[in-house]
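Peer 1: I have a structure here, written as structure tokens, and I will follow up with some questions on it.
There are 2 protein chains.
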Amino acid sequence: MGGCGVSFVDKSCVEFSAALASKAPVPGGGGASAMVGSLGAALGSMVCNLTIGKKAYMDVEEEIKDVLSKTERIREDMLNLVEKDAEVFEPLAKAYGIKAQSPEERVAKDALMERALKTACSVPVEIVKQSLECLKLLAVLGRKGSRLAISDVGVGALFCQAALEGGRFNVIINTSIMKDRAYATSVEQETDRLVRDGLALADEITRTVEQRIKKS
Amino acid sequence: MGGCGVSFVDKSCVEFSAALASKAPVPGGGGASAMVGSLGAALGSMVCNLTIGKKAYMDVEEEIKDVLSKTERIREDMLNLVEKDAEVFEPLAKAYGIKAQSPEERVAKDALMERALKTACSVPVEIVKQSLECLKLLAVLGRKGSRLAISDVGVGALFCQAALEGGRFNVIINTSIMKDRAYATSVEQETDRLVRDGLALADEITRTVEQRIKKS
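So, in structure tokens, the structure goes:
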């Protein structure tokens with residue numbers, strides 16, 4: 001990372017899958033969650049693109065265009081977060097590797113670790129936020145988008161749910177070992193709140209999708 | 217498709233995400249589910265690769281090597297299913313497009329549609345099966361894999377759960393409009409059984425991961 005070679009999202013899907021499978025520290029579960037979030041947003045955009053311009057959906061066209069501009073922004077932001085997750089993991093991996101023997105060295109390492117943990121948390125928190133935003137848009141598409149693409153709304157919601165909860169695991173793996181418990185608890189509580197809202201939405205969307213498929 | 221141009225999984229992640237977002241009939245939610253399943257299997261492989269060769273896990277090394285060979289097979293099978301999903305959708309898209317006016321034409325179109333729907337179902341059923349197999353392997357990794365990679369086991373399980381349920385949506389979108397109700401019901405019931413088993417496993421894995429992270 002940090003400018004050396006090709007970015008992860010410019011790798012082919014085959015190469016990205018192989019890189020994820022390797023023991024290399026990045027990409028890991030955080031970056032992969034952002035990738036899955038991007039695919040969830042992409043399905044939202046696809047549903048918009050299959051709705052816009054269709055006579056039966058003329059009355060919602062402006063609203064769907066607005067949704068499309070937002071799913072496209074999230075799709076791109078999530079792709080950027082794949083890269084950013086690798087960048088913020090770098091200082092943490094370095095801090096982990098430091099050999100501290102004297103008490104002074106241990107204090108210095110602890111301080112470095114603490115800062116690195118806070119930085120490493122920032123990207124998965126953002127993945128959680130973007131996943132929730134995308135679920136809100138998919139909820140609109142489940143009600144107003146083309147019925148021909150209703151299963152894609154459902155799959156999009158499942159992907160955003162995975163990115164939401166995957167992001168959360170990558171938050172708490174860092175907060176759980178922070179010394180600053182007040183900070184850690186506040187990040188965990190905010191994340192849990194976002195995840196709770198996202199899970200409720202995902203559940204509502206997949207139920208709607210299930211009903212609409214079965215009525216078809 | 218069908219030999220014309222680059223395969224979907226050879227596209228870069230950025231290009232695949234953009235192709236999914238477009239109104240083009242493929243890739244769709246089925247192929248995307250296979251892609252997410254491949255990433256779930258990749259995280260399983262990563263956890264194996266971070267466990268093998270480590271002193272603390274010498275007693276489970278052979279078992280983890282066996283798990284790795286299986287997650288790697290699923291990872292590759294899932295990548296192939298991304299392509300196959302597009303291939304089996306082609307005859308269905310063609311059948312949909314046929315203009316049938318006379319009663320004879322309508323009978324012929326119905327027969328073609330029915331066959332195309334059964335073919336289109338085959339790939340998502342396979343995605344559901346492979347996702348369940350991968351969840352079984354991730355359950356082993358949650359108990360025996362390196363604790364340093366415990367969050368990745370959880371994220372892998374979330375991805376396989378999304379692929380499992382995403383595959384199911386792509387099964388029932390096809391079975392719901394089949395005329396052969398006996399066939400449709402039998403496929404739906406088998407799929408529901410696999411999904412029920414998979415969801416129970418995913419729930420067990422994510423609970424274990426949550427507990428192990430919080431104890432760290």
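Here the protein sequences come in this chain order: Y and E. When the letters of the first sequence are read in order and numbered with our numbering, they come out as residues 1 to 216. When the letters of the second sequence are read in order and numbered with our numbering, they come out as residues 217 to 432. Cβ coordinates follow ideal geometry from the N, Cα and C atoms, glycine included. Note that the structure is predicted; figures quoted are calculated from it, not measured.
Going by other Cβ atoms of all chains shown within 10 Å of its Cβ, with 16 needed for buried, is residue 281(E) buried or exposed?
Peer 2: Exposed, because fewer than 16 other Cβ atoms sit within 10 Å of the Cβ of residue 281(E).
Peer 1: Note down, in chain order, each residue of its chain lying with its Cβ closer than 7 Å to the Cβ of residue 191(Y), except the 5 sequence neighbours on either side.
Peer 2: Around residue 191(Y): 125, 128, 168 and 171.
Peer 1: List the endpoints of the continuous alpha helix (DSSP H) containing residue 96(Y).
Peer 2: Per DSSP, residue 96(Y) belongs to the alpha helix (DSSP H) from 61 to 97.
Peer 1: What residues in its chain sit with their C-beta under 8 Å from that of residue 437(E), if we drop five residues either side in the sequence?
Peer 2: Here chain E comprises residues numbered 217 to 432, so residue 437(E) is not present and cannot be evaluated.
Peer 1: Check the Cβ of residue 262(E) against every Cβ in chain Y and list those closer than 8 Å, keeping chain order.
Peer 2: Result: 20, 21, 22, 23 and 28.
Peer 1: Verify the CB distance criterion: does residue 219(E) have a CB-CB separation below 8 Å to chain Y?
Peer 2: Because the pLDDT of residue 219(E) is 44, which lies under 50, any placement of that residue in the model is unreliable, and the number read from its coordinates should be weighed accordingly. No - not a single Cβ of chain Y is within 8 Å of the one on residue 219(E).
Peer 1: Do residue 205(Y) and residue 223(Y) come within 8 Å of each other at the CB atom, strictly closer than that value?
Peer 2: There is no way to answer for residue 223(Y), as the model of chain Y reaches only from 1 to 216.
Peer 1: Could you please give me the residues that DSSP links to residue 12(Y) through a beta bridge?
Peer 2: Paired residues: 228(E).
Peer 1: With 8 Å as the threshold, decide whether the Cβ of residue 305(E) is near any Cβ in chain Y.
Peer 2: Answer no: the Cβ-Cβ gap between residue 305(E) and chain Y never drops below 8 Å.
Peer 1: Count the other C-beta atoms from every protein chain shown that fall within 10 angstroms of the C-beta of residue 47(Y), then say buried if there are 16 or more, exposed otherwise.
Peer 2: Label assigned to residue 47(Y): buried.
Peer 1: When DSSP labels each residue in this structure, what does residue 145(Y) get in the three-state scheme?
Peer 2: Here residue 145(Y) sits in coil by DSSP.
Peer 1: Let me make sure I understand the geometry here. Which of 365(E), 331(E), 276(E) and 360(E) has the alpha-carbon closest to that of residue 174(Y)?
Peer 2: Out of 365(E), 331(E), 276(E) and 360(E), 365(E) has the C-alpha closest to the C-alpha of residue 174(Y).
Peer 1: What does a CB cutoff of less than 6 Å around residue 325(E) pick up in its chain, not counting 5 residues either side in sequence?
Peer 2: Counting only Cβ-Cβ distances below 6 Å, and skipping sequence neighbours, we find 314 and 316.
Peer 1: Give a yes or no on whether the C-beta atoms belonging to residue 376(E) and residue 256(E) are separated by under 8 Å.
Peer 2: Contact: yes.
Peer 1: Comparing the C-beta of residue 202(Y) with each C-beta of chain E, is any distance below 8 Å?
Peer 2: Closer than 8 Å: no.
Peer 1: Please confirm whether residue 258(E) and residue 163(Y) have their CB atoms less than 8 Å apart.
Peer 2: Contact flag unset, no.
Peer 1: Under a three-way DSSP split, which group does residue 178(Y) fall into?
Peer 2: Coil, per DSSP.
Peer 1: For residue 296(E), would you say it is in contact with chain Y, using Cβ-to-Cβ distances shorter than 8 Å as the test?
Peer 2: No, because no Cβ of chain Y sits closer than 8 Å to the Cβ of residue 296(E).
Peer 1: Check whether the Cβ of residue 251(E) lies closer than 8 Å to any Cβ atom in chain Y.
Peer 2: Cβ-Cβ to chain Y under 8 Å: yes for residue 251(E).
Peer 1: Buried or exposed: which applies to residue 244(E), given that a residue is buried once 16 or more other Cβ atoms fall within 10 Å of its Cβ?
Peer 2: Label assigned to residue 244(E): buried.
Peer 1: CB residue 418(E) to CB residue 373(E), shorter than 8 Å?
Peer 2: Cβ distance < 8 Å, so residue 418(E) and residue 373(E) count as in contact.
Peer 1: Which residue's Cα is closest to the Cα of residue 18(Y): 277(E), 268(E) and 288(E)?
Peer 2: Ranking 277(E), 268(E) and 288(E) by Cα distance to residue 18(Y) puts 288(E) first.
Peer 1: For residue 182(Y) and residue 95(Y), I'd like the C-alpha separation in whole angstroms.
Peer 2: Residue 182(Y) and residue 95(Y): Cα-Cα distance of roughly 22 Å.
Peer 1: For residue 63(Y) versus residue 52(Y), is the C-beta spacing smaller than 8 Å?
Peer 2: In this structure, residue 52(Y) does not lie closer than 8 Å to residue 63(Y) by Cβ.
Peer 1: Compare the Cα-Cα distances from residue 211(Y) to each of 154(Y), 15(Y) and 180(Y) and report the closest residue.
Peer 2: Of 154(Y), 15(Y) and 180(Y), the residue nearest in Cα terms is 154(Y).
Peer 1: Provide the residue span of the alpha helix (DSSP H) that contains residue 242(E), from first to last.
Peer 2: Premise fails: residue 242(E) is in no alpha helix (DSSP H) and is neither H nor E.
Peer 1: Assuming residue 228(E) and residue 12(Y) are in contact, meaning their beta carbons sit under 8 Å apart, how far apart are those beta carbons, in whole angstroms?
Peer 2: Rounded, the Cβ-Cβ distance is 6 Å, consistent with contact.
Peer 1: Note down, in chain order, every chain E residue with its Cβ under 7 Å from the Cβ of residue 165(Y).
Peer 2: Chain E residues near residue 165(Y): 374.
Peer 1: Excluding five sequence neighbours on each side, which residues of the same chain lie with their C-beta closer than 6 Å to the C-beta of residue 79(Y)?
Peer 2: Answer for residue 79(Y): 9 and 38, listed in chain order.
Peer 1: According to the Cβ coordinates, are residue 392(E) and residue 214(Y) closer than 8 Å?
Peer 2: For residue 392(E) and residue 214(Y), yes; Cβs fall inside 8 Å.
Peer 1: Cutting at 8 Å between CB atoms, please list the residues of its own chain near residue 2(Y), excluding the five before and the five after it.
Peer 2: With a pLDDT of 42 at residue 2(Y), under the threshold of 50, the modelled position of this residue cannot be trusted; read the value that follows with caution. Around residue 2(Y): 87 and 90.
Peer 1: Using Cβ-Cβ distances below 8 Å, what residues of the segment 127 to 138 of chain Y are close to chain E?
Peer 2: From the segment 127 to 138 of chain Y, no residue has a Cβ closer than 8 Å to chain E.
Peer 1: Counting only beta-carbon atoms, is residue 397(E) nearer than 8 Å to chain Y?
Peer 2: Cβ-Cβ to chain Y under 8 Å: no for residue 397(E).
Peer 1: Are the CB atoms of residue 223(E) and residue 299(E) nearer to each other than 8 Å?
Peer 2: Against a cut-off of 8 Å, the Cβ pair of residue 299(E) and residue 223(E) comes out as a contact.
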